[in-house]
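Numbering (this note's numbering), first residue to last: 5 to 425. Glycine included, every Cβ here is placed at the ideal spot set by N, Cα and C. Since the structure is predicted, the reported quantities are computational estimates derived from the model, not experimental observations. What follows is a set of notes on a single structure, which appears directly below.
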C-alpha cells in the first residue's frame with residue numbers, strides 16, 4: 005500500500021496539532037487570566053472526564069450508525085468553535101464550560117482513526133500503518149509546538165487559539181477524503197488486535213467496547229475483601245496508581261514552569277523538545293522491549309519516570325534560569341522515554357491477559373480504572389499544591405509511582421507462581 009493512496013491519514017497532522025496546541029495553551033491562558041494551579045487542575049479534570057465519557061459515546065455511535073466522515077466533520081467543527089470561543093473570552097468561568105465540550109468532541113476522531121487504519125490494509129500490515137499513523141500524529145504535535153514557540157515571542161496567547169481553529173478547519177477539509185459507507189469492522193475489533201490495542205492505549209488511554217457493570221469489577225472488589233480471585237485485579241490497581249501519579253505531574257507541569265520564571269515561549273519550547281524526544285524513542289522502544297522482554301521493560305520504564313518527577317521535586321531552588329531550563333528538559337524527556345516503553349510493554353502484557361470472549365469487559369474495566377486515575381490526579385494536583393506547594397506535589401507523585409511499581413512486581417510474581425502451579 006502506498007501512503008498517498010490513503011489521503012485521509014493526513015488529517016492527523018492538523019488535528020493532532022490542534023489537540024496538542026490546545027492542551028498546551030489552555031493552562032497558559034488560564035494563568036494569563038489570573039488563575040493558578042487550582043483553576044488549571046479543575047479545567048484539566050473537567051476535560052479528562054469529558055474525554056472518558058466521549059470515548060464511550062462515540063464508540064457506540066460508530067458501531068450503531070457507521071458514520072465515520074460525519075463524526076470527523078462534527079468533531080473538528082466543534083473543536084473549531086471552541087477554539088474561536090476561547091479567543092473571545094476573558095473569563096475562566098467560561099473556560100470551565102468550554103473545556104468539557106472540547107474534550108467530549110475532540111475524542112470523537114480517535115475510534116474513527118483506529119478503525120480506518122484496520123480497514124485500510126490487510127491484518128499483516130496493521131502494525132505498519134499504525135506506526136505510520138503515530139509518526140504523522142507526532143509531526144502534527146511538533147508543528148503546533150514550533151508555532152507556539154516562535155509565535156509567543158512576538159504575540160500574546162490569544163491569537164494562538166485562532167491558529168488552532170484554522171488547524172481544525174484544515175482537518176475538516178482533509179477528512180472529506182474519508183469515504184462514506186459502513187465499516188467492515190466494529191470497534192470491538194481493536195480488542196483482537198495487539199497493534200490496535202497498543203496504539204489506542206499509547207495515544208488515548210480509554211477503550212470502551214463495553215460499558216462495565218458492577219459485576220465486572222469483581223477482581224478489584226475481592227482484593228478489598230482480602231482475596232485475589234484473579235491477578236488481573238492487581239494489574240488494574242497498578243495501572244490506576246500509574247496514571248494517578250503521572251497525571252499529577254502533567255497537570256502541574258505548565259503552572260510549575262510559569263511560576264519559576266519560564267516564558268510562554270519557553271514552555272512551548274520545553275514541549276517541543278519533549279515531543280521530538282518522543283518521536284525518537286518511538287523507533288527505539290520496540291527494540292528495547294524485544295531485547296529484554298515485556299515484564300522487564302515495564303519495570304525498567306519506572307526508573308526514568310520516577311527520576312523525572314523527583315528532579316523538580318528535589319531541585320526547586322535550581323529551577324530558574326539556564327540551569328532550571330536544562331533540568332526541565334531532562335525531566336520532560338525522561339517522562340516520555342518512560343511512557344513510550346511502558347505503554348507498549350504493558351499493553352502487550354494486558355493483551356495476553358484478556359480471556360477470549362471477555363475482551364470488552366476487561367478493556368472497559370481497565371479504561372474505567374484509568375479514567376478515575378486521570379480524573380483524580382487532576383483534582384488532587386490543585387488541592388495538594390495549593391496547600392503544600394510543588395515540592396510536596398512532585399514527591400507525592402513519585403511515591404505513588406513507587407506504589408504502582410510495587411504492585412506490578414507483585415502482579416508478575418503472582419502470575420508466575422500460578423503458571424508454575
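What are the start and end residues of the alpha helix (DSSP H) that includes residue i?
{"i": "residue 132", "result": "130-158"}
{"i": "residue 268", "result": "268-296"}
{"i": "residue 162", "result": "162-179"}
{"i": "residue 260", "result": "236-263"}
{"i": "residue 4", "result": "For the chain, the structure presents residues 5 to 425; residue 4 sits outside this window and is missing."}
{"i": "residue 127", "result": "Premise fails: residue 127 is in no alpha helix (DSSP H) and is neither H nor E."}
{"i": "residue 218", "result": "Note, residue 218: premise wrong, no alpha helix (DSSP H); not H, not E."}
{"i": "residue 25", "result": "16-36"}
Enumerate in chain order the residues of its own chain whose CB-to-CB distance from residue i is below 7 Å, with the five nearest sequence positions on each side excluded.
{"i": "residue 373", "result": "240, 243 and 244"}
{"i": "residue 412", "result": "242, 302 and 303"}
{"i": "residue 8", "result": "Low per-residue confidence applies at residue 8: pLDDT is 42, beneath 50, and the placement is therefore not dependable, though the value from the model is reported in the following sentence. Taken in chain order, the list of residues that qualify is empty."}
{"i": "residue 424", "result": "Because residue 424 carries a pLDDT of 44, less than 50, the predicted location of this residue cannot be relied on, and the following value inherits that uncertainty. Nothing meets the Cβ criterion."}
{"i": "residue 4", "result": "Only positions 5 to 425 of the chain appear in this structure, which leaves residue 4 out of reach."}
{"i": "residue 350", "result": "302"}
{"i": "residue 260", "result": "316 and 394"}
{"i": "residue 248", "result": "377, 380, 381 and 404"}
{"i": "residue 285", "result": "340, 341 and 344"}
{"i": "residue 263", "result": "none"}
{"i": "residue 96", "result": "34, 37, 39 and 43"}
{"i": "residue 256", "result": "41, 385, 389, 394 and 397"}
{"i": "residue 113", "result": "19, 76 and 79"}
Give every residue of the same chain whose Cβ lies closer than 6 Å to the Cβ of residue i, excluding the five residues on either side of it in the sequence, and list them in chain order.
{"i": "residue 308", "result": "338, 341 and 342"}
{"i": "residue 15", "result": "175, 178 and 179"}
{"i": "residue 399", "result": "317"}
{"i": "residue 313", "result": "253, 398, 401 and 402"}
{"i": "residue 25", "result": "148 and 168"}
{"i": "residue 115", "result": "62, 63, 66 and 191"}
{"i": "residue 390", "result": "42"}
{"i": "residue 336", "result": "274 and 278"}
{"i": "residue 306", "result": "409"}
{"i": "residue 235", "result": "415, 418 and 419"}
{"i": "residue 250", "result": "none"}
Which residues in the same chain as residue i place their Cβ atom closer than 8 Å to its Cβ, once the five residues preceding and following it in sequence are excluded?
{"i": "residue 5", "result": "With a pLDDT of 44 at residue 5, under the threshold of 50, the predicted position of this residue should be treated as unreliable, though the coordinate-derived value follows. Excluding residues within five positions, the ones whose Cβ falls inside 8 Å are 124, 125, 129 and 133."}
{"i": "residue 77", "result": "176, 179 and 180"}
{"i": "residue 325", "result": "265"}
{"i": "residue 146", "result": "276, 279, 280 and 283"}
{"i": "residue 427", "result": "It is not possible to answer for residue 427, since the shown part of the chain is limited to 5 through 425."}
Length at least 4, wholly inside the stretch 63-99: the alpha helix (DSSP H) runs in chain order: 72-92
Counting Cβ pairs closer than 8 Å, one from the stretch 73-85 and one from the stretch 32-45, do we hit at least three? no
Count the C-beta pairs between the stretch 262-273 and the stretch 403-411 that are closer than 8 Å, then say yes if the count reaches three, no if not. no
Evaluate the contact criterion for the stretch 140-159 versus the stretch 67-77: three or more CB pairs, one atom per stretch, below 8 Å. no
Does the stretch 287-301 come within contact of the stretch 222-235, defined as at least 3 CB pairs closer than 8 Å? no
Quick one: any contact between the stretch 89-103 and the stretch 118-127, if contact means 3 or more CB pairs under 8 Å? no
Is the number of C-beta pairs between the stretch 44-63 and the stretch 94-107 that are closer than 8 Å three or more? yes
Can you list, in chain order, the stretches of the beta strand (DSSP E) that have 3 or more residues and sit fully within the stretch 384-421? none
Any chance the stretch 45-54 sits against the stretch 376-388, with 3 or more Cβ pairs inside 8 Å? yes
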